[in-house]
Amino acid sequence: MSTAMPGAEEVRQLKILPWEDLKGFEGFYKEHFVKMVIFCEGITQDKDLAGQLVQEAFCKIWENRHALLHVTAPSAYLYQTVRHTALDYIRKYRQELHTPELHDAQEEEERTLSEQLTPMVKKAAAKLPAKCRQIFEMSYLEGYSKEDIAAYLQISPLTVKKQRVIALRKIREELLPLVEKLLLLVWLLK
1 MSTAMPGAEE
11 VRQLKILPWE
21 DLKGFEGFYK
31 EHFVKMVIFC
41 EGITQDKDLA
51 GQLVQEAFCK
61 IWENRHALLH
71 VTAPSAYLYQ
81 TVRHTALDYI
91 RKYRQELHTP
101 ELHDAQEEEE
111 RTLSEQLTPM
121 VKKAAAKLPA
131 KCRQIFEMSY
141 LEGYSKEDIA
151 AYLQISPLTV
161 KKQRVIALRK
171 IREELLPLVE
181 KLLLLVWLLK
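Each residue of the sequence shown is one higher than the last, beginning at 1 in UniProt numbering.
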C-alpha cells in the first residue's frame with residue numbers, strides 16, 4: 001500500500017513527463033488545459049483570449065523544458081506561468097483591450113473640437129476674397145473635389161488648387177494666435 005503525499009504523482013510525472021516526454025506532456029496538457037482556461041478567463045474576462053494565452057503558456061513550458069528540471073510541482077508552476085502570461089498580455093496590450101471606450105472618447109473629443117473650431121474657421125474664411133472663399137467653402141466645408149469645383153466655376157483645376165493653398169495659408173495665419181493660446185492653456189491645465 002502506497003501512502004502518496006499530495007503532489008507525489010506530479011513529482012513522479014515530472015521526472016518522466018512534462019519536460020522530457022512528449023506523450024507525457026500531452027497528458028499533462030489534456031489534464032490541465034480546461035482548468036487553466038477557466039483560471040485565465042478570471043484574469044482576462046475573455047474566454048477565447050484565455051484559451052490562446054494558456055496555449056502560449058504551455059508552449060513556453062515545452063520550449064524551456066530543459067531549463068525547468070528544478071521544478072517539483074508542475075501544476076503550481078503551470079498556474080504561475082499562465083498567470084504571468086495573462087498579466088504580461090494585459091500590460092502589453094492594455095490600450096487595445098479598452099479600444100472601444102478610448103475610440104468613443106476620441107470621437108467625442110474630435111466632435112467637440114470641431115464644433116468649437118468651425119465657427120472660428122468660418123469667421124477667418126469670411127475675410128478671404130470672394131472667389132477664394134467660395135473655393136475654400138466648396139472644398140473643405142461642402143466636400144467637393146477639385147475637379148467638381150473647377151467645372152462648376154468654369155476655371156482650371158490648377159486655379160482651384162492655388163486658391164485652396166492661398167485660403168489655407170490665410171486662415172492658418174488668422175487662427176495661429178488662437179491655436180497658440182489654446183495650446184498654452186492646455187499645457188498649463190495639465
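Every residue, glycine too, gets a C-beta built ideally from N, C-alpha and C. A quick note: this is a predicted structure, and the numbers were derived from the prediction, not measured.
Between residue i and residue j, how many whole angstroms is the CB-CB distance? I'm expecting something under 8 Å.
i: residue 85; j: residue 50; result: About 10 Å; that fails the 8 Å criterion.
i: residue 230; j: residue 78; result: Because the chain is modelled from 1 through 190, residue 230 falls outside the range shown and cannot be assessed.
i: residue 158; j: residue 120; result: Not quite, the Cβ-Cβ distance comes to about 29 Å (not below 8 Å), so this is no contact.
i: residue 160; j: residue 146; result: 5 Å
i: residue 192; j: residue 171; result: With the chain covering only 1 through 190, there is no way to say anything about residue 192.
i: residue 82; j: residue 28; result: Actually they do not touch by this definition, with Cβ atoms about 13 Å apart.
Using C-beta distances below 8 Å, list every residue in its chain close to residue i, excluding the 5 sequence neighbours before and after it, in chain order.
i: residue 259; result: No answer is possible for residue 259: it lies beyond the span of the chain, which begins at 1 and ends at 190.
i: residue 44; result: 50, 53, 86, 89, 90
Skipping 5 residues on each side, what residues in its chain have a beta carbon closer than 6 Å to that of residue i?
i: residue 41; result: 47, 50
i: residue 167; result: 128, 132, 136
i: residue 140; result: none
i: residue 142; result: none
i: residue 37; result: 50, 51, 54
Excluding the five sequence neighbours on either side, which residues of its own chain have a C-beta within less than 7 Å of the C-beta of residue i, listed in chain order?
i: residue 11; result: The predicted model places residue 11 with a pLDDT of 47, which falls under 50 and marks its position as unreliable, so this point remains unresolved.
i: residue 33; result: 54
i: residue 138; result: 144, 149
Starting from the N-terminal side, write out each stretch of the alpha helix (DSSP H) that is 4 residues or longer and does not extend beyond the UniProt domain "RNA polymerase sigma-70 region 2" (39-94).
Every alpha helix (DSSP H) of 4 residues or more that sits fully in the UniProt domain "RNA polymerase sigma-70 region 2" (39-94) is shown, in chain order, as 47-63, 74-92.
Start-end ranges of the alpha helix (DSSP H) lying completely within the region 122-162, minimum 4 residues:
Runs found: 130-136, 146-153.
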